[in-house]
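Position in the sequence shown (from 1) plus 93 gives the number in my numbering.
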Amino acid sequence: MKKKLLGSRFRTIFTVLGICAVFAAIFGFSENSTVAGPDSESGLLEKMIVANGSVALDVDLGLLSGAEGISRTESLAFEAEKDAFFAMLVFNNEIRGTIPSMLPIHPQQKANLPAKLQESYERLAIESLPAGGQYELILRDSKTGFHFFNVDGPEFAFDPETRTITIKAGRVLVSDDLAAELERPDTAGKSVGSINISTKMRTIETARLVNGGVESGKLPAGYGMEDNAGTVPGPDVIVGDVYGLAQFGSASNGFVGLAVGTNSCNAGTVDLNWFALPSNDHPVIPQNMYRMSGGSNGELRFEQIGQSSMKHAFTALTQNLCGFGCNGVGGSRLGSGCSDPYSASLNAGPSLGSRAWVNPFTGFYPRGDSATPPNNHSGHTHLGPDHRILTRIDDLRTDINQGARYYAEAQYVTPHEYQWCLANPTQCNMFNNMSYRRYTVGGSAGSFTFSPAESTVREKPAVHAWPGATVTEYRVAGGGDGAFFVAYKVTQTSPGTWQYEYAIFNHNLDRSIGAFSVPTGAGVSITNVGFHAPPQHPGWTGDGTVGNAGFSSAPWAVNQTPDSVSWATETLAQNPNANAIRWGTMYNFRFTSTSAPTTKNATIGFFKTGEPMTVPIQAPGSSVVANVSVSGRVTDANGYGIPLARITITDSQGASRSVLTTSFGYYTIYNVVPGQTYTIGASAKRYTFPAPQQVPITTDVANLNFVGSE
Numbered sequence: 094m095k096k097k098l099l100g101s102r103f104r105t106i107f108t109v110l111g112i113c114a115v116f117a118a119i120f121g122f123s124e125n126s127t128v129a130g131p132d133s134e135s136g137l138l139e140k141m142i143v144a145n146g147s148v149a150l151d152v153d154l155g156l157l158s159g160a161e162g163i164s165r166t167e168s169l170a171f172e173a174e175k176d177a178f179f180a181m182l183v184f185n186n187e188i189r190g191t192i193p194s195m196l197p198i199h200p201q202q203k204a205n206l207p208a209k210l211q212e213s214y215e216r217l218a219i220e221s222l223p224a225g226g227q228y229e230l231i232l233r234d235s236k237t238g239f240h241f242f243n244v245d246g247p248e249f250a251f252d253p254e255t256r257t258i259t260i261k262a263g264r265v266l267v268s269d270d271l272a273a274e275l276e277r278p279d280t281a282g283k284s285v286g287s288i289n290i291s292t293k294m295r296t297i298e299t300a301r302l303v304n305g306g307v308e309s310g311k312l313p314a315g316y317g318m319e320d321n322a323g324t325v326p327g328p329d330v331i332v333g334d335v336y337g338l339a340q341f342g343s344a345s346n347g348f349v350g351l352a353v354g355t356n357s358c359n360a361g362t363v364d365l366n367w368f369a370l371p372s373n374d375h376p377v378i379p380q381n382m383y384r385m386s387g388g389s390n391g392e393l394r395f396e397q398i399g400q401s402s403m404k405h406a407f408t409a410l411t412q413n414l415c416g417f418g419c420n421g422v423g424g425s426r427l428g429s430g431c432s433d434p435y436s437a438s439l440n441a442g443p444s445l446g447s448r449a450w451v452n453p454f455t456g457f458y459p460r461g462d463s464a465t466p467p468n469n470h471s472g473h474t475h476l477g478p479d480h481r482i483l484t485r486i487d488d489l490r491t492d493i494n495q496g497a498r499y500y501a502e503a504q505y506v507t508p509h510e511y512q513w514c515l516a517n518p519t520q521c522n523m524f525n526n527m528s529y530r531r532y533t534v535g536g537s538a539g540s541f542t543f544s545p546a547e548s549t550v551r552e553k554p555a556v557h558a559w560p561g562a563t564v565t566e567y568r569v570a571g572g573g574d575g576a577f578f579v580a581y582k583v584t585q586t587s588p589g590t591w592q593y594e595y596a597i598f599n600h601n602l603d604r605s606i607g608a609f610s611v612p613t614g615a616g617v618s619i620t621n622v623g624f625h626a627p628p629q630h631p632g633w634t635g636d637g638t639v640g641n642a643g644f645s646s647a648p649w650a651v652n653q654t655p656d657s658v659s660w661a662t663e664t665l666a667q668n669p670n671a672n673a674i675r676w677g678t679m680y681n682f683r684f685t686s687t688s689a690p691t692t693k694n695a696t697i698g699f700f701k702t703g704e705p706m707t708v709p710i711q712a713p714g715s716s717v718v719a720n721v722s723v724s725g726r727v728t729d730a731n732g733y734g735i736p737l738a739r740i741t742i743t744d745s746q747g748a749s750r751s752v753l754t755t756s757f758g759y760y761t762i763y764n765v766v767p768g769q770t771y772t773i774g775a776s777a778k779r780y781t782f783p784a785p786q787q788v789p790i791t792t793d794v795a796n797l798n799f800v801g802s803e
């Protein structure tokens with residue numbers, strides 16, 4: 094039954110989930126046990142403000158003043174204003190997120206700063222921004238509103254014993270406004286220091302949840318009171334926005350850890366279950382990173398370069414990002430039409446769980462109070478890249494990835510959609526839960542910054558951003574498992590040479606993919622055979638892999654025969670932790686050939702179970718490409734042939750060659766490679782000819798004539 098919270102528009106639903114058995118197998122879990130055990134969705138949701146605290150701001154005045162190569166760091170100490178309305182939400186002693194608010198800070202020492210900053214030194218404040226922007230925190234003048242710095246990659250933590258919230262390791266970036274004030278626009282976005290905040294908190298509002306219902310309390314109001322504000326039958330979680338991509342922590346062993354904010358929306362007419370751990374009936378949120386690069390336009394290939402572990406969702410809020418009209422239900426359910434933000438810092442937190450525990454199709458993972466909790470970090474020390482979007486530094490460096498474009502992607506996987514689908518087979522909403530956004534990369538090796546370059550593209554995986562590629566979704570027969578995508582693109586890189594690029598993305602296919610084979614014509618030349626996969630996270634105790642060893646990163650073996658080229662990882666029997674294409678990951682396969690493309694069927698081999706599947710692709714055809722000829726005549730205005738006129742043909746790569754006409758003005762150009770558009774023109778002494786013609790050539794061309802005028 095639903096009831097309104099006293100003094101607010103926030104509603105929730107009391108519920109007792111049925112008891113069902115939970116059991117784990119080595120490689121997965123029963124599809125009939127996606128929700129296990131009686132729920133204990135109980136706890137305290139607190140709205141807190143700052144009682145008192147301190148702020149340490151380190152600023153490199155050398156960089157700020159433009160003194161290149163001269164570092165002069167000033168360590169500035171501030172006292173946080175007492176009882177300031179700088180608000181946080183905390184659920185069961187875990188930070189749920191910030192609320193837009195401001196924390197004035199008061200300097201504890203004199204300083205010699207650039208004029209504009211000096212003028213505002215006594216009036217600085219830290220502001221937490223609404224969800225959806227690139228940054229969670231900024232520094233501004235509390236009186237004039239002038240925006241000095243952005244805070245990138247801050248790490249939040251709450252100590253329930255001392256009631257202290259710490260925000261550490263935030264990189265201080267020059268704002269556009271400050272760069273303009275300094276008349277140094279090139280400094281915008283550059284890191285000039287760091288900020289660390291430590292504040293004692295006091296609670297001003299609470300909501301106590303008991304078994305999924307709100308016993309008493311009050312939360313910030315949501316939006317609207319419409320019943321069934323969503324329009325899609327059933328529960329339907331989508332990623333409404335991807336925002337705030339940032340690096341968190343320091344680089345380690347050639348890798349950095351990234352995270353991106355996500356804002357989910359329930360497009361469905363049914364409130365979506367959102368029961369926090371130890372329940373196993375809430376969404377989990379993994380994130381991915383991609384790079385598009387190569388070729389003359391930077392669009393040759395599209396690769397996944399990073400993947401994260403997954404955030405376990407808790408305590409749904411009641412916002413209206415997607416504009417569906419939130420019905421006001423939150424807490425243990427995400428109401429119909431409602432949205433719920435998770436900042437990048439929240440998705441980068443230390444309690445992320447391994448993907449290995451999850452069946453991505455059914456949404457099942459073990460309960461938090463079971464023998465195999467899905468986010469166990471016992472005895473595990475965290476480094477900067479751990480559990481976040483694990484990305485190689487070299488894959489982000491702008492000096493060695495010139496012209497590359499980057500995309501962040503997020504996914505929500507929930508058991509509620511699958512359970513609803515079983516009971517309502519026409520209302521299966523498990524296939525639209527991914528969205529992506531393009532970003533630009535800045536900063537230097539080991540310390541990167543990011544800026545959004547485009548808006549979020551909803552309900553599609555990032556591979557759809559690959560221009561010119563054919564992208565097709567496939568689902569296994571019978572509906573007993575999820576979906577995967579095959580994308581391919583064939584590019585003619587020079588006359589008679591083609592680059593073949595294939596990408597296989599596993600959306601939510603639990604059986605995973607372990608082999609890929611491309612047929613070729615007999616005698617076809619295949620060179621530069623390649624493979625690419627994102628890095629795997631190292632194993633840790635309780636990570637869900639066999640022996641806690643983590644998934645392998647070993648490249649797939651290549652097998653070339655006279656009529657095919659194939660890639661395969663180890664079999665399940667050989668290595669249950671093999672480097673298969675598991676859910677939420679994309680692998681690439683490529684080669685170069687002198688044979689033009691034609692339509693053929695590739696073979697997909699599954700890793701855990703199931704017969705191979707064929708899918709249509711473009712692959713090399715005959716090994717012999719029959720060249721063609723171009724012929725015609727060059728005449729004057731009276732129809733007389735012009736001898737020794739020059740006919741020049743230029744291919745799409747800019748390569749040119751010429752022939753001369755006979756004494757009667759005839760010409761023939763032999764050995765022209767078909768399949769592209771050529772530029773063909775005529776020239777001769779004393780004659781003027783029209784502009785060269787653009788001629789698409791697929792077979793012999795005759796009577797391509799030119800008329801010159803004196």
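Just so you know, even glycine gets a beta-carbon here, dropped at the ideal spot from N, CA and C.
- Query: Roughly how many angstroms lie between the CA atoms of ASN798 and GLY388, to the nearest whole one?
  - Reply: 35 Å
- Task: Excluding the 5 residues preceding and the 5 following PRO690 in the sequence, name in chain order all residues of the same chain whose CB lies nearer than 8 Å to its CB.
- Result: VAL583, TRP591, TYR593, GLN711, ALA712, PRO713, GLY714
- If you draw a straight line from the C-alpha of ARG750 to the C-alpha of VAL788, how long is it? 15 Å
- Item | 8 Å Cβ shell around PRO207 - same chain, five flanking residues per side excluded | LEU154, LEU157, SER158, LEU275
- With burial defined as no fewer than 16 other Cβ atoms inside 10 Å of the residue's Cβ, what is the status of GLY616: buried or exposed? exposed
- Should SER268 go down as buried or exposed, given a rule of 16 or more other Cβ atoms within 10 Å for buried? buried
- Item | Host beta strand (DSSP E) of TRP513 (start-end) | Not the beta strand (DSSP E): TRP513 falls in the alpha helix (DSSP H), residues 508-516.
- Message: I need the straight-line Cα distance from GLU803 to ASN796, nearest angstrom please.
- Response: 22 Å
- Item | Nearest-angstrom Cα separation, counted from ASP487 out to SER528 | Cα atoms of SER528 and ASP487: separation of roughly 25 Å, rounded to the nearest angstrom.
- Message: When you compare the CB positions of ILE674 and SER605, do they come within less than 7 Å of one another, or not?
- Response: yes
- Could you give the distance in angstroms between the alpha-carbon of TYR383 and the alpha-carbon of GLU663? Taking the straight line joining both Cα atoms gives about 25 Å.
- Item | Limits of the unbroken alpha helix (DSSP H) element including ASP270 | 269-274
- Excluding the 5 residues preceding and the 5 following LEU217 in the sequence, name in chain order all residues of the same chain whose CB lies nearer than 8 Å to its CB. PHE171, PRO197, ILE198, PRO200, LEU232, ARG233, ASP234, SER235, PHE241
- Task: Would you grab the beta carbon distance between ILE597 and MET679 for me? Rounded to a whole angstrom, and I think it's under 8 Å.
- Result: Contact annotation, ILE597 with MET679: C-beta distance approximately 7 Å; criterion of less than 8 Å satisfied.
- Touch check for the region 742-749 and the region 701-711: three-plus C-beta pairs under 8 Å? no
- Message: Determine whether the beta carbon atoms of THR754 and ALA738 lie at a separation below 7 Å.
- Response: Yes, these two residues count as a Cβ contact at 7 Å.
- Among the residues of its own chain, which have a CB less than 6 Å from the CB of GLN585, if the five just before and after it don't count? TRP591
- Item | Segment limits, beta strand (DSSP E) that includes SER751 | In the DSSP annotation of this structure, the continuous segment of the beta strand (DSSP E) that includes SER751 starts and ends at 749-753.
- Please list, in chain order, all residues of the same chain as GLY768 whose beta carbon is under 6 Å from its beta carbon, the five residues on each side excluded. ALA689.
- What number of angstroms, rounded off, separates the C-alpha of PRO376 from the C-alpha of THR696? 33 Å
- Task: Within 10 angstroms of the Cβ of ILE790, are there 16 or more other Cβ atoms? Answer buried if so, exposed if not.
- Result: buried
- Query: Expressed to the nearest angstrom, what Euclidean distance is found between the alpha-carbon atoms of THR465 and HIS405?
  - Reply: Distance between the alpha carbons of THR465 and HIS405 is about 15 Å.
- State the Cα-Cα distance for the pair GLY399 and ASN652, rounded to the nearest angstrom. 27 Å
- Would you check if the region 506-522 and the region 327-334 touch, i.e. whether three or more CB-CB distances between them fall below 8 Å? A contact exists between the region 327-334 and the region 506-522.
- Item | Alpha-carbon spacing of TRP649 relative to ASN672, whole angstroms | 8 Å
- Query: Do the CB positions of GLY637 and ALA449 come within less than 7 Å of each other?
  - Reply: yes
- Query: Who are the Cβ neighbours of THR484 in its own chain at under 8 Å, not counting the five residues just before and after it?
  - Reply: PHE348, VAL349, GLY350, LEU351, MET382, ILE398, GLY399, PRO478, PRO628
- Hey, how far is the Cα of VAL800 from the Cα of ALA748? 24 Å
- Query: Name the DSSP beta bridge partners of HIS199, please?
  - Reply: GLU172
- Could you tell me the distance, in whole angstroms, from the CA atom of GLN786 to the CA atom of THR792? 17 Å
- Task: Compute the Euclidean distance between the alpha carbons of SER544 and TYR581, then round it to the nearest angstrom.
- Result: 28 Å
- Message: Please report the straight-line C-alpha distance between SER471 and THR634, rounded to a whole angstrom.
- Response: Near 7 Å, if we compare the C-alpha coordinates of THR634 and SER471.
- Message: Excluding the 5 residues flanking GLU308 on each side, which residues of the same chain have their C-beta closer than 6 Å to its C-beta?
- Response: The predicted position of GLU308 is uncertain, since its pLDDT is 49 and thus under 50; no value can be drawn from it.
- Item | Cα-Cα separation, ALA558 to ARG530 | 9 Å
- Alpha carbon to alpha carbon, how far is ALA570 from PRO631? Looking at the two C-alpha atoms, the distance is approximately 34 Å.
- Contact check, VAL506 vs GLY572, beta carbons under 7 Å: Contact flag unset, no.
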